[in-house]
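Student: For the record, in the sequence shown the residue sitting at position 77 is 77 according to the numbering used here, with numbers rising by one throughout. We treat Cβ as the ideally placed atom computed from N, Cα and C, and that holds for glycine. These numbers come from a predicted model, not from an experiment.
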Amino acid sequence: MLNLSVILEDGARSTPEKDCLVFGDLRLNYAITDMIANQVANLLVSRGVRPGDRIALASPNLPYFPFVYYGALKAGAVVVPLNVLLTPREIAYHLEDSGAKAIFAFTGSPELPLGERAFEAFGQVDTCEFYVDLPATPGATESAIEGAETLWKALEGQPGEFESVQTSSEDTAVIIYTSGTTGKPKGAELSHNNLMMNAVVSAGMVNPHPDGRDVALVVLPLFHIFGQTVMLNAALYRGATLVLMPRFDGNEALALLEKEGVTAFAGVPTMYWGLLNAAQAAEAGKYDLEKIAHNLVDAVSGGAALPGQLAEDFVKTFGVGIKEGYGLSETSPVASFNNPNVKAKTGSIGRPVWGVEMKLIDPEWNEVVKEGDEDPVGEIAIRGHLVMKGYHNRPEVNAEVLRDGWFRTGDIARRDDEGFYFIIDRSKDMIIRGGYNVYPREVEEVLMTHEAVSLAAVVGVPHDSHGEEVKAFVILKDGASATAEEIIEWSKERLAGYKYPREIEFRDTLPMTSTGKILKRELRA
């Protein structure tokens with residue numbers, strides 16, 4: 001028997017007075033955090049929620065998220081985290097597809113009318129039985145949404161003790177929806193064992209601070225599996241203090257790194273880019289970068305390929321190397337890790353983590369092996385304790401991506417003689433120009449070394465004779481200048497004739513998901 005909520009319960013037993021959650025001036029210790037989660041569990045049981053029922057949760061990085069997340073798990077329910085940027089139509093789809101019995105949603109600011117959107121969606125789904133408002137005002141018993149009940153009102157009179165349901169390790173704990181880059185989003189069913197094992201493995205990769213402190217800045221969205229495993233479950237498993245940041249901003253993140261003495265940070269590459277830009281643009285003395293560098297002993301990147309130039313610049317500024325990991329929603333997520341404390345290679349996603357196998361396959365599932373002097377190249381397939389049970393209600397898709405315990409990822413990589421994997425690109429992002437395969441990441445890596453380029457994203461665009469042409473969207477560094485012709489000629493000297501971009505478009509910003517990934521489908525459109 002195993003219930004993932006033991007991660008919080010164990011912290012409440014062993015270090016009840018230690019800070020668990022920090023948000024602004026609010027500091028909640030492990031005992032209080034666990035008590036509120038117990039109240040949520042009692043609330044759910046009182047409303048007829050049974051083990052296996054799905055509970056949707058729509059909240060940015062606020063204390064509400066762990067309250068409801070662990071409270072639902074304690075009750076034996078399945079948590080369905082929702083992206084906070086979804087429209088009412090999209091929320092309704094997730095509620096219907098998952099069969100959610102209830103939804104907890106944050107009533108945000110005018111810039112984030114999440115509660116209003118979620119309440120509208122709730123009214124469109126007959127099978128969703130009740131809605132709970134997570135109000136912007138702490139402790140509020142009156143909702144800003146007519147007809148809605150706030151969490152604090154609902155928790156009145158609920159006991160602060162609860163005996164967690166003894167779920168099976170293979171029971172579904174979370175249904176995490178993929179981004180839906182192709183077709184409608186699919187819900188990956190992750191078991192208690194999937195998430196517990198990945199939390200334990202991830203926790204073991206963190207560098208301990210010499211002073212014994214463990215403070216994690218949580219900027220990765222908790223509704224996303226990367227933030228959920230690496231910055232919620234793994235951090236609480238270690239007994240860390242979580243400093244919550246609802247929306248990433250480079251300047252605000254630097255301020256929190258300094259104020260809270262943060263020792264661990266995890267983010268996607270664009271967040272590291274944001275930290276560097278904020279540090280470089282800051283007025284002299286605005287941030288104590290030396291103090292930040294002294295405290296910060298662990299930095300992890302995932303979610304997208306980390307440009308080598310960005311990693312080098314971060315080390316120069318903050319004195320800590322970035323560990324690059326790899327995984328997907330379907331793998332809970334951490335599948336491989338490039339750990340400089342053991343052995344690392346620039347540009348690599350490392351080797352499989354403990355208990356996990358990886359191999360390269362062709363479209364027919366045949367393993368790709370080394371031939372001659374060339375490293376084998378193929379699609380990554382993964383097997384181990386981390387692989388999802390399957391997509392919720394998608395047997396036909398499961399048959400395509402799951403076979404004999406292996407999951408095929410859609411990511412193309414090469415593997416060297418020491419077993420290190422190097423992502424070449426997503427199979428769907430690959431550009432076919434005149435019959436030649438062009439991998440956008442390779443082109444982006446080169447562009448990022450140009451002295452005027454701050455960020456680059458490469459996509460394929462339709463072309464009459466070549467099928468596709470290589471186009472780069474570029475953000476220039478502050479104060480830098482360059483023309484499209486200059487960058488094209490510069491690239492031509494460094495890339496093969498079929499690889500270098502023929503089109504350059506300058507942008508001030510690039511479209512990104514809520515997790516900081518560049519939305520290439522929007523750039524293509």
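Determine the direct distance from the alpha carbon of residue 153 to that of residue 128, and round the result to whole angstroms.
Tutor: If you take the alpha carbons of residue 128 and residue 153, they lie about 20 Å apart.
Student: Figure out for me which residue from 166, 143, 54 has the closest Cα to the Cα of residue 74.
Tutor: Cα-wise, what sits closest to residue 74 is 166.
Student: Which stretch, first to last residue, makes up the beta strand (DSSP E) that contains residue 248?
Tutor: Taken as a continuous stretch (DSSP letters only), residue 248 belongs to no beta strand (DSSP E), as it is neither H nor E.
Student: Just how far apart, CA to CA, sit residue 447 and residue 474?
Tutor: About 9 Å.
Student: Identify the continuous beta strand (DSSP E) that holds residue 237 and give its terminal residues.
Tutor: That residue, residue 237, is in no beta strand (DSSP E); its alpha helix (DSSP H) goes 234-238.
Student: Mind checking whether residue 377 and residue 414 have CB atoms under 9 Å apart?
Tutor: Cβ distance < 9 Å, so residue 377 and residue 414 count as in contact.
Student: Within 10 angstroms of its Cβ, does residue 198 collect 16 or more other Cβ (buried), or is it exposed?
Tutor: So residue 198 counts as buried.
Student: Using three-state DSSP, classify residue 586 as helix, strand or coil.
Tutor: Absent from the model: residue 586. The displayed extent of the chain is 1 to 525, so no value can be given.
Student: Looking at the strands, I want to know which residues DSSP matches up with residue 42.
Tutor: DSSP lists no partner for residue 42.
Student: Please classify residue 182 as buried or exposed, where buried requires at least 16 neighbouring CB atoms within 10 angstroms.
Tutor: Note on residue 182: pLDDT 46, under 50, position unreliable in the model; the coordinate value appears next. Looking at its Cβ environment, which holds fewer than 16 other Cβ atoms inside 10 Å, residue 182 is exposed.
Student: Apply the 10 Å Cβ neighbour rule to residue 298 and answer buried if 16 or more other Cβ atoms are within range, or exposed otherwise.
Tutor: By the 10 Å Cβ count, residue 298 comes out buried.
Student: How many Å lie between residue 5 and residue 289 at the Cα?
Tutor: Each residue's Cα considered, the two are about 37 Å apart.
Student: Please go through the same chain and pick out, in chain order, the residues whose beta-carbon is closer than 8 Å to the beta-carbon of residue 269, but skip the five residues on each side of it.
Tutor: Excluding sequence neighbours, residue 269 sits near 301, 303, 304, 305, 306, 307, 310, 516.
Student: In the DSSP assignment, what are the bridge partners of residue 448?
Tutor: For residue 448, which the question treats as bridged, DSSP gives no partner whatsoever.
Student: Please report the residue range of the alpha helix (DSSP H) in which residue 524 lies.
Tutor: Note, residue 524: alpha helix (DSSP H), 520-524.
Student: Here's a check: name, in chain order, each residue in its chain whose Cβ is nearer than 7 Å to the Cβ of residue 401, leaving out the five neighbours to either side.
Tutor: Result list for residue 401: 407, 408, in chain order.
Student: Counting pairs of Cβ atoms below 8 Å between the stretch 369-388 and the stretch 187-201, do you hit three or more?
Tutor: Verdict: yes, contact present.
Student: Using only the alpha-carbon positions, how far apart do residue 76 and residue 173 sit?
Tutor: Looking at the two C-alpha atoms, the distance is approximately 8 Å.
Student: Would you list, in sequence order, the uninterrupted beta strand (DSSP E) runs of no fewer than 3 residues that lie entirely inside the stretch 391-420?
Tutor: List check, beta strand (DSSP E) in window: 406-415.
Student: Could you name each continuous beta strand (DSSP E) segment of 3 residues or more that falls completely within the stretch 287-375, going from the start of the chain to the end?
Tutor: With a minimum length of 3 residues, the continuous beta strand (DSSP E) runs that stay inside the stretch 287-375 are 298-301, 322-327, 334-338, 356-361.
Student: Return the residue from the list 263, 242, 282, 221 that minimises the CA-CA distance to residue 250.
Tutor: Nearest of 263, 242, 282, 221 to residue 250, Cα basis: 282.
Student: Could you tell me whether the stretch 118-135 touches the stretch 92-107, where touching means 3 or more Cβ pairs closer than 8 Å?
Tutor: Enough Cβ pairs lie closer than 8 Å, so yes.
Student: State the Cα-Cα distance for the pair residue 180 and residue 332, rounded to the nearest angstrom.
Tutor: In this predicted model, residue 180 has a pLDDT of only 49, less than 50, meaning its place in the structure is not dependable enough to derive any value.
Student: Can you check which of these residues, 70, 320, 360, is closest to residue 531 by C-alpha distance?
Tutor: The requested residue 531 is not part of the displayed model; the chain covers only 1 to 525.
Student: Apart from the five residues on each side of it in sequence, which residues of its chain come closer than 7 Å, Cβ to Cβ, to residue 370?
Tutor: Here the set comprises 376.
Student: Closest to residue 125 by C-alpha separation, out of 101, 243, 238, would be which residue?
Tutor: With distances taken between Cα atoms, residue 125 lies closest to 101.
Student: Alpha carbon to alpha carbon, how far is residue 215 from residue 22? Give it in angstroms, no decimals.
Tutor: When rounded, the distance between both Cα atoms is 10 Å.
Student: Based on the DSSP output, what are the partners of residue 91 in its beta bridges?
Tutor: DSSP lists no partner for residue 91.
Student: Which residues mark the beginning and the end of the alpha helix (DSSP H) in which residue 141 is found?
Tutor: Element bounds for residue 141: n/a, residue is neither H nor E.
Student: Do residue 275 and residue 318 count as a contact pair if the criterion is CB distance below 9 Å?
Tutor: In contact: residue 318 and residue 275 (Cβ atoms closer than 9 Å).
Student: With H, G and I counted as helix, E and B as strand and the rest as coil, what does DSSP make of residue 227?
Tutor: Residue 227: helix per DSSP, three-state reduction.
Student: Using 8 Å for Cβ pairs, my map puts residue 150 next to residue 135. What's the rounded Cβ distance?
Tutor: About 5 Å separates the two Cβ atoms, so the contact holds.
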